[in-house]
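The structure under discussion appears below in the form of structure tokens.
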Amino acid sequence: MISKFKEAFFQSTKHIHMNNGGLAPINKFARDRVTYWNNRFYEEGFFTDLEYVEDIKMSRIHLAKLIGCDSTEIAYFQSTASAVSQLCMQFPLEAGDEVITWAEEYGSHLFPWQEACKRKKAHLVMVKSPENLSAPYQLLVEKITPKTKVIAISWVQFLTGARTDLEALGKITKEKNIFLFVDVIQGLGLHPFDMKKWGVDAIASGCHKWLFSPIGVGFLALDQKHMKMIRPHNIGAYTFGTCDDPTDSICEPKLDALKFEAGSKQVLEITALGASVKFINEIGVADIEKETLRLATLLRTGLEKKGHKIHSPYELSNHQTAMVNFIPKDNTIEALRSINCNFAIRGPGVRLSPAAFTTDAVIEKVLSVL
Ligand SMILES: Cc1ncc(COP(=O)(O)O)c(C=O)c1O
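This is the structure in structure tokens:
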């Protein structure tokens with residue numbers, strides 16, 4: 002099965018993709034969907050109307066299967082940041098409430114929560130990772146007080162690849178009636194996920210990393226039980242009933258997550274995402290995870306053999322993810338550039354993030370220059 006996954010990607014002889022945790026190449030199913038709708042819009046314009054709407058619906062259905070929620074609980078946005086903003090700006094925080102997060106979060110998650118807390122005079126409690134760079138849920142739990150309303154974290158930390166055990170955290174937040182919000186962009190499609198089973202109340206993500214589809218679309222999935230509590234942040238023709246019926250504007254917003262989609266959608270990106278996620282579901286995330294971790298381990302052990310110091314919490318198996326962050330030597334950057342290998346500078350290290358489409362030969366080539 003995993004060979005079928007690899008075959009869906011362009012195996013470039015010119016580029017080495019080691020920043021898939023930044024922007025990954027898209028697969029051929031996503032590419033073909035963009036081409037398909039591009040041609041249909043060129044040739045048929047508005048006559049495509051009913052069909053592209055149907056394709057967007059299908060995209061939601063594939064994504065819901067991957068997430069473990071209902072398709073009516075998903076709303077599309079332009080980015081992770083805009084999906085996070087929808088949730089946190091409309092979350093009913095009050096002065097003195099507390100929101101717990103990790104201290105090393107990415108800006109698209111951190112800044113919206115900082116702003117929401119500032120506006121509501123709530124307190125953002127930032128929890129630092131321990132020495133071994135892991136992100137254990139117990140540290141978050143220790144910070145819970147009677148004022149804690151939300152735990153808002155990334156599943157996988159973008160700097161180190163540390164992964165928080167959401168299933169264990171979800172049990173506790175459920176018991177204590179705390180809202181659990183997770184930015185899943187660095188894990189969804191890469192590690193198995195189950196929003197409802199794990200008791201996660203809402204997630205936000207983009208699609209250009211482990212979902213291998215075009216950059217420019219994000220989404221929010223919100224458990225239906227909270228749908229009434231979170232009002233739409235952006236308001237437009239689509240917030241209410243049908244977009245062509247202005248009398249609907251006197252009504253309450255729609256009852257499902259579609260109320261968050263204020264206007265026209267990014268049809269090309271959303272349908273491409275649907276095609277890619279359908280393929281990921283067919284291959285199975287467990288197999289994709291297994292192959293990615295095998296390649297990441299190959300890379301990490303190779304780097305260690307060559308005397309590089311690793312800056313990722315790989316010793317703990319359930320914390321391991323695709324990212325291998327290591328401290329560069331004098332010539333590391335030049336060496337990677339010499340083979341046209343991309344990477345990300347993250348904290349004190351260079352972050353390499355192979356994907357399941359990466360081949361062993363590519364890992365060996367990278368190691369040969371380091
Ligand atoms: C944890 C995390 N959240 C979000 C994003 C992306 O945010 P956005 O879609 O707003 O650009 C990234 C990486 O780019 C990330 O690592």
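For my numbering, count along the sequence shown from 1 and bump the result up by 1. Note that CB positions come from ideal geometry on N, CA and C, so glycine has one too. All of these numbers come straight from a predicted model, not from anything done at the bench.
Report the residue ranges of all beta strand (DSSP E) runs contained in full by the region 324-359; include only those spanning at least 3 residues, in chain order.
Entirely contained in the region 324-359, the beta strand (DSSP E) runs reaching 3 residues are, in chain order, 325-327, 345-347 and 350-353.
Could you spell out the range, first to last residue, of the beta strand (DSSP E) harbouring Leu-125?
Element bounds for Leu-125: 124-128.
With DSSP as the reference, label Thr-149 as helix, strand or coil.
Correct three-state label for Thr-149: strand.
Confirm the yes/no value for this check: CB of Asp-98, any heavy atom of ligand 1, distance under 7 Å.
no
Verify the contact flag: Ile-236, CB atom, against every heavy atom of ligand 1, threshold strictly below 7 Å.
no
Distance between Leu-269 and Phe-42 (C-alpha atoms, nearest Å):
10 Å
Return the CA-CA distance between Ile-75 and Ser-339, expressed in angstroms with no decimal places.
In this model, Ile-75 and Ser-339 are separated by some 43 Å (Cα to Cα).
In whole angstroms, what separates the C-alpha of Phe-159 from that of Gln-187?
7 Å
Quick one: residues in its chain with C-beta nearer than 6 Å to the C-beta of Ala-82, no 5 flanking neighbours on either side, listed in chain order?
Ser-109
Whose C-alpha, out of Ala-345, Phe-180 and Ser-80, is nearest the C-alpha of Ile-231?
Phe-180
Does the beta-carbon of Val-54 have 16 or more other beta-carbons within 10 angstroms, so that it is buried, or is it exposed?
exposed
Output the distance between the C-alpha atoms of Gly-372 and Lys-210, rounded to the nearest integer angstrom.
Look at the range of the chain in this structure, 2 to 371, and you will see that residue 372 is not part of it.
Leaving out five residues before and five after Val-428 in sequence, what residues of the same chain have Cβ atoms less than 6 Å from its Cβ?
Shown here, the chain extends from 2 to 371; a query on residue 428 therefore has no answer.
Please report the straight-line C-alpha distance between Val-142 and Val-151, rounded to a whole angstrom.
11 Å
Candidates Lys-144, Thr-73 and Phe-78: closest to Ala-104 by CA position:
Of the listed residues, the one whose Cα sits closest to Ala-104 is Lys-144.
Between the alpha carbons of Glu-335 and Asn-28, how many angstroms are there, rounded?
29 Å
Gly-207 versus Asp-50 - alpha carbon distance:
A direct Cα-to-Cα measurement between Gly-207 and Asp-50 gives close to 25 Å.
Measuring from the CB of Ala-82, is there a heavy atom of ligand 1 at a distance below 7 Å?
yes
Mapping the DSSP letters down to three states, classify Thr-14 as helix, strand or coil.
coil
By how many angstroms is the C-alpha of Ala-65 removed from the C-alpha of Ala-273?
15 Å
Is Gly-350 near ligand 1, judged by its Cβ being under 7 Å from some heavy atom?
Flag unset: Cβ of Gly-350 not near ligand 1.
Is it buried or exposed, Lys-260, if we count other Cβ atoms within 10 angstroms and call 16 or more buried?
buried
Cα separation between Ser-354 and Ile-68?
22 Å
Tell me, which residues are paired with Trp-103 by DSSP?
Val-128
State yes or no: is the C-beta of Lys-110 nearer than 7 Å to some heavy atom of ligand 1?
The residue you asked about is not Lys; residue 110 is His in the sequence shown. Yes, since a heavy atom of ligand 1 falls inside the 7 Å radius drawn around the Cβ of His-110.
Where Asn-282 sits in the DSSP three-state scheme:
Of the three classes helix, strand and coil, the one that applies to Asn-282 here is helix, per DSSP.
Using the beta-carbon count (16 or more within 10 Å), is Gly-275 buried or exposed?
buried
When the Cβ atoms of the region 85-93 are set against those of the region 301-311, are three or more pairs found closer than 8 Å?
no
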